[in-house]
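Protein chains in written order, with the working numbering: chain V, 1 to 211; chain E, 1001 to 1301.
The block underneath contains the structure these notes are about, expressed in structure tokens.
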Amino acid sequence: MNPYRVMPGPEHFLPPAAASMGIRLPNPGEGHINGVIVPEEKAYEEAARQFLMAKVPTIFPGPLVLWAWNEKAAKKATAIRHLYETLKECVTPQQHAMLIPMPDYRPKYPKINPEIEINPNHPNLTIWHNKIDCCMFVGVHCHQANLSLKIIRGGTSCYTIAMCAQAGHEDAMLSFRDASVEKIMKLAEWVRKLKGTVQVSQVVSKSGSSN
Amino acid sequence: MSKERIKIAPEFFDIMPPEYQDLVNRATYGKEDRGWKDIGSAKELIEEHSLCAGCPESMAFRYILASLPNPEDTVMVGSTGCTSLVFPHVAVHNIHSLFGNQNAIASGLKRALTVRFPGRIKDVVVLAGDGATVDIGLDMTLQAWFRQEKFTTICFDNELYANTGGQESGLMQKGFVAKMAPVGKMFEKVRLPEIARESGCHYVVNCTVSKPSVVEKVIRNAVHVAREIGPTYLQLYTPCILEIGKNSMEGLQEMRDSEKPTERFAYKEYISEPAKQLLAEIAAKEKEKKAAAKEQLAAQA
Chain V
1 MNPYRVMPGP EHFLPPAAAS MGIRLPNPGE GHINGVIVPE EKAYEEAARQ
51 FLMAKVPTIF PGPLVLWAWN EKAAKKATAI RHLYETLKEC VTPQQHAMLI
101 PMPDYRPKYP KINPEIEINP NHPNLTIWHN KIDCCMFVGV HCHQANLSLK
151 IIRGGTSCYT IAMCAQAGHE DAMLSFRDAS VEKIMKLAEW VRKLKGTVQV
201 SQVVSKSGSS N
Chain E
1001 MSKERIKIAP EFFDIMPPEY QDLVNRATYG KEDRGWKDIG SAKELIEEHS
1051 LCAGCPESMA FRYILASLPN PEDTVMVGST GCTSLVFPHV AVHNIHSLFG
1101 NQNAIASGLK RALTVRFPGR IKDVVVLAGD GATVDIGLDM TLQAWFRQEK
1151 FTTICFDNEL YANTGGQESG LMQKGFVAKM APVGKMFEKV RLPEIARESG
1201 CHYVVNCTVS KPSVVEKVIR NAVHVAREIG PTYLQLYTPC ILEIGKNSME
1251 GLQEMRDSEK PTERFAYKEY ISEPAKQLLA EIAAKEKEKK AAAKEQLAAQ
1301 A
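Dropping the structure here:
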């Protein structure tokens, strides 16, 4: 039997938690790509490549960085904005980099505005609406990130990256751990380094990132 | 102080949805004299609600949120019911507890907050319906009062289980026929305000929410007394217009009818001696503050 790999979906309505399929979290200094543990350097390169390949590369900052609740959070916010500006500079005019906030985790009804925000209880709406094909979660509490990452894997073909400040996320297709200002800046460096070397994905899907 | 803590990172201010920008810029966090009069002119702490049109509970909820003296440092503990549909839209910390458990959760929470934040005022306010407070959760409600836990319990009394279709509750009035209680209530409405007084509550009020200024006063008093002295209890009549066969526009009149002197929601207040002393001190301080402000204005003129 082939080992389980965390791949872009749509997997099915209720994808299994990657941990229950034997995917383990990286140790310090490591990351994972599709559930395979790799040195962190390789994860930077792959994350930058995925961003540059995507038609709508998007960063989803969560409450831990959106709200300036301590000095560290404020510094991370600056770094994330820098990463976004770098990404915008490095993509071609055919690509559209986005920065969409996840201000809090309340289930929003009757509806959210998917153009301007993402909600962890139905992240697929924002991904479908904006045709996002690669996204990075940063500053989202782990439980909510896992919930979102599973929903995205279940219902869309979006490539997910987790810039996690704790131990990483098995449910993302690529995960960093121990996220810091330095790591976010390093990813921005990698995006700049790979600028112009990556072909934009030609895959056309019927409704954005969903098949 | 409060606005310092509720701050959007400047780098992300432009991408935040407008309701969050408004909340940070124009909500009444940190405003000392906040009250029901801010409703409509300042950013409210309920963005929107999903209750029925004309629901008195939605009015009560707005008045309560507008009257909390310290919303940025308040945690509300709720229980399943119509209010749980509103809590996701409320910009105050809240915990949704298992049905009936709200006073037990609030007890632990209040104690933990006291240990974790010794130098800071942290208020805990329980908000539950009559089923959670008086029937299923009566044990937890009473035990919290016996233990003199320092938080406020608010019961939204609509005199039945409205959310599940109109079953009989302990606070239903005798003889009332509801959709799921067709033979009519056989015994008297439980006299919880009296029980609260005998169980050790220091401030107890039984009233309707027809007058926002009254709601503001009792909320502030209840929170201040709970903070300094011990448990407080408010029983607010918030009729379920659907379950008692009224129209959207009739909720207010229903409350006015029920608060007449001989009716079951005639204003009733009990204040213990230590609470009386505390409230008198607070009133004196406020008076002093107002006098000083008046003098300052006069000097400027």
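Ideal Cβ positions, reconstructed from N, Cα and C, are used throughout, including at glycine.
Exercise for the section: Measure the alpha-carbon distance for N211/V versus C134/V and round it to whole angstroms. Expected result: Residue mapping note: residue 211/V aligns to position 211 of the first sequence, counting from 1. Residue mapping note: residue 134/V aligns to position 134 of the first sequence, counting from 1. In this prediction, N211/V scores a pLDDT of 43, lower than 50, which makes its location untrustworthy; the coordinate-derived value is nonetheless stated afterwards. Cα-Cα distance, rounded: 14 Å.
Practice task
In the DSSP assignment, find the beta strand (DSSP E) that holds P57/V and state where it starts and stops.
Solution key: In the first sequence, counting from the first residue as 1, residue 57/V sits at position 57. It spans P57 to P61 - the beta strand (DSSP E) in which P57/V sits, taken as one unbroken run.
Practice task
Can you give me the start and stop residues for the beta strand (DSSP E) that C1333/E sits inside?
Solution key: Lying before the first or after the last residue shown, residue 1333/E is absent from chain E, which here runs from 1001 to 1301.
Problem - Secondary structure of Q1167/E, DSSP reduced to three states - result: Taking the second sequence and counting its residues from 1, one reaches residue 1167/E at position 167. Residue state, collapsed to three classes: strand.
Problem - Beta-carbon neighbours of M1016/E, restricted to chain V and to distances below 8 Å - result: The residue given as residue 1016/E occupies position 16 in the second sequence. The answer, in chain order, is L66, P101 and P103.
Problem - Which of helix, strand or coil DSSP assigns to W69/V - result: Here the question's residue 69/V lines up with position 69 in the first sequence. If DSSP states are grouped into helix, strand and coil, W69/V belongs with coil.
Practice task
Just mark K1122/E as buried or exposed, buried being the case when its beta carbon has 16 or more other beta carbons within 10 Å.
Solution key: If you number the second sequence from 1, residue 1122/E lands on position 122. Classification for K1122/E: buried.
Practice task
State yes or no: is the C-beta of L1171/E within less than 8 Å of the C-beta of L1192/E?
Solution key: Taking the first residue of the second sequence as 1, we reach residue 1171/E at position 171. Taking the first residue of the second sequence as 1, we reach residue 1192/E at position 192. Yes.
Practice task
In the DSSP assignment, find the unbroken beta strand (DSSP E) run with A1128/E in it and report its ends.
Solution key: The residue you call residue 1128/E lines up with position 128 of the second sequence. Its beta strand (DSSP E) spans residues D1123 to G1129.
Problem - Neighbourhood of E1188/E by C-beta distance below 6 Å, restricted to the same chain and skipping five residues each side - result: As a working note, residue 1188/E is residue 188 in the second sequence. If we look at E1188/E and ignore the five residues flanking it on each side, its Cβ neighbours are K1174.
Exercise for the section: Give the secondary structure of I1154/E by DSSP, where H, G and I count as helix, E and B as strand, and everything else as coil. Expected result: The residue you call residue 1154/E lines up with position 154 of the second sequence. It is a strand residue.
Exercise for the section: Check whether the Cβ of S207/V lies closer than 8 Å to any Cβ atom in chain E. Expected result: On the first sequence, residue 207/V is found 207 positions in, with the first residue counted as 1. The predicted model places S207/V with a pLDDT of 44, which falls under 50 and marks its position as unreliable, so this point remains unresolved.
Problem - P156/V and W128/V closer than 8 Å at C-beta - result: The residue labelled residue 156/V in the question sits at position 156 within the first sequence. The residue labelled residue 128/V in the question sits at position 128 within the first sequence. Residue identity check: residue 156/V is Thr in the sequence provided, not Pro. Cβ distance < 8 Å, so T156/V and W128/V count as in contact.
Handout entry: Length of the line joining the Cα atoms of E1269/E and I1219/E
Key = Indexing the second sequence from 1 puts residue 1269/E at position 269. Indexing the second sequence from 1 puts residue 1219/E at position 219. Using only the alpha carbons, I get a separation of about 12 Å.
Handout entry: Terminal residues of the alpha helix (DSSP H) in which N130/V lies
Key = What you label residue 130/V is simply residue 130 of the first sequence in a count that begins at 1. Unbroken alpha helix (DSSP H) run through N130/V: P123 to N130.
Practice task
Look up I1244/E in the DSSP assignment and say whether it is helix, strand or coil.
Solution key: Along the second sequence, read from residue 1 onward, the residue named residue 1244/E stands at position 244. In this structure, I1244/E counts as coil in the three-state DSSP scheme.
Handout entry: Proximity to I1241/E [Cα-Cα], best of G1184/E, E1047/E and K1179/E
Key = As a first step, residue 1241/E must be located in the second sequence, where it is residue number 241. Minimum Cα distance to I1241/E is reached at K1179/E.
Exercise for the section: Could you tell me whether the Cβ of T92/V comes closer than 8 Å to any Cβ of chain E? Expected result: For the purposes of this step, residue 92/V is taken as the residue at position 92 of the first sequence. No, because no Cβ of chain E sits closer than 8 Å to the Cβ of T92/V.
Practice task
Pull up the DSSP beta-bridge partners for C134/V, would you.
Solution key: In the first sequence, counting from the first residue as 1, residue 134/V sits at position 134. DSSP output for C134/V lists P57/V and Y159/V as bridge partner(s).
Handout entry: Residue-chain proximity (R49/V, chain E), Cβ-Cβ < 8 Å
Key = Counting from 1 along the first sequence, the entry for residue 49/V is found at position 49. No, R49/V lies away from the interface with chain E (no Cβ there is under 8 Å from its Cβ).
Exercise for the section: Mind listing the chain V neighbours of Y1020/E? Cutoff is C-beta to C-beta under 7 Å, in chain order. Expected result: Numbered from 1 along the second sequence, position 20 holds the residue referred to as residue 1020/E. Simply P103.
Practice task
Within 10 angstroms of the Cβ of P1261/E, are there 16 or more other Cβ atoms? Answer buried if so, exposed if not.
Solution key: Indexing the second sequence from 1 puts residue 1261/E at position 261. That one is exposed.
Problem - Beta-carbon spacing of L1142/E, S1079/E below 8 Å - result: Translated into the one-based positions of the second sequence, residue 1142/E becomes position 142. Translated into the one-based positions of the second sequence, residue 1079/E becomes position 79. Their beta carbons are not under 8 Å apart, which means L1142/E does not touch S1079/E by this criterion.
Problem - Among N1101/E, H1093/E, N1206/E and M1059/E, the one whose alpha carbon lies nearest that of Y1000/E - result: Because residue 1000/E is not part of the residues shown, which for chain E are 1001 to 1301, the question remains open.
Handout entry: Coil, strand or helix - S175/V by DSSP
Key = The count along the first sequence starts at 1 and reaches residue 175/V at position 175. Looking at S175/V - three-state DSSP - the assignment turns out to be strand.
Practice task
Note down, in chain order, every chain E residue with its Cβ under 9 Å from the Cβ of N113/V.
Solution key: Numbered from its first residue, the first sequence carries residue 113/V at position 113. The answer, in chain order, is P1017.
Problem - Inter-residue Cα distance where the pair is E117/V and M1016/E - result: In the first sequence, counting from the first residue as 1, residue 117/V sits at position 117. In the second sequence, counting from the first residue as 1, residue 1016/E sits at position 16. Approximately 8 Å, taken between the alpha carbons.
Problem - Straight-line gap, D1014/E to N1070/E (C-alpha atoms, nearest Å) - result: As a working note, residue 1014/E is residue 14 in the second sequence. As a working note, residue 1070/E is residue 70 in the second sequence. Near 28 Å, if we compare the C-alpha coordinates of N1070/E and D1014/E.
Handout entry: Cβ contact check for the stretch 93-108 of chain V and the stretch 44-60 of chain V: 3 or more pairs under 8 Å
Key = yes
Practice task
Please say whether K1043/E and A1053/E have beta carbons closer to each other than 8 Å?
Solution key: Residue 1053/E sits at position 53 when you count from the first residue of the second sequence. Residue 1043/E sits at position 43 when you count from the first residue of the second sequence. Contact flag unset, no.
Problem - the stretch 1049-1068 of chain E touching the stretch 1096-1115 of chain E, judged by at least three CB pairs closer than 8 Å - result: no
Practice task
Please list, in chain order, all residues of the same chain as G168/V whose beta carbon is under 8 Å from its beta carbon, the five residues on each side excluded.
Solution key: On the first sequence, position 168 is the one that residue 168/V refers to. Here the set comprises L25, P26, G31, H32, A162, S175, F176 and R177.
Handout entry: Close Cβ partners of I59/V (< 6 Å) along its chain, the five nearest in sequence each way excluded
Key = One-based indexing of the first sequence puts residue 59/V at position 59. Answer for I59/V: Y84, L99 and M136, listed in chain order.
Problem - Short CB-CB distance (under 8 Å) between E41/V and chain E - result: Numbered from 1 along the first sequence, position 41 holds the residue referred to as residue 41/V. Cβ-Cβ to chain E under 8 Å: no for E41/V.
Problem - Beta-carbon gap between I1154/E and I1064/E smaller than 8 Å - result: Numbered from 1 along the second sequence, position 154 holds the residue referred to as residue 1154/E. Numbered from 1 along the second sequence, position 64 holds the residue referred to as residue 1064/E. Their beta carbons are under 8 Å apart, which means I1154/E touches I1064/E by this criterion.
Problem - Cross-chain neighbours of P61/V in chain E, by beta carbon under 7 Å - result: Taking the first sequence and counting its residues from 1, the one referred to as residue 61/V is at position 61. In chain order: F1012.
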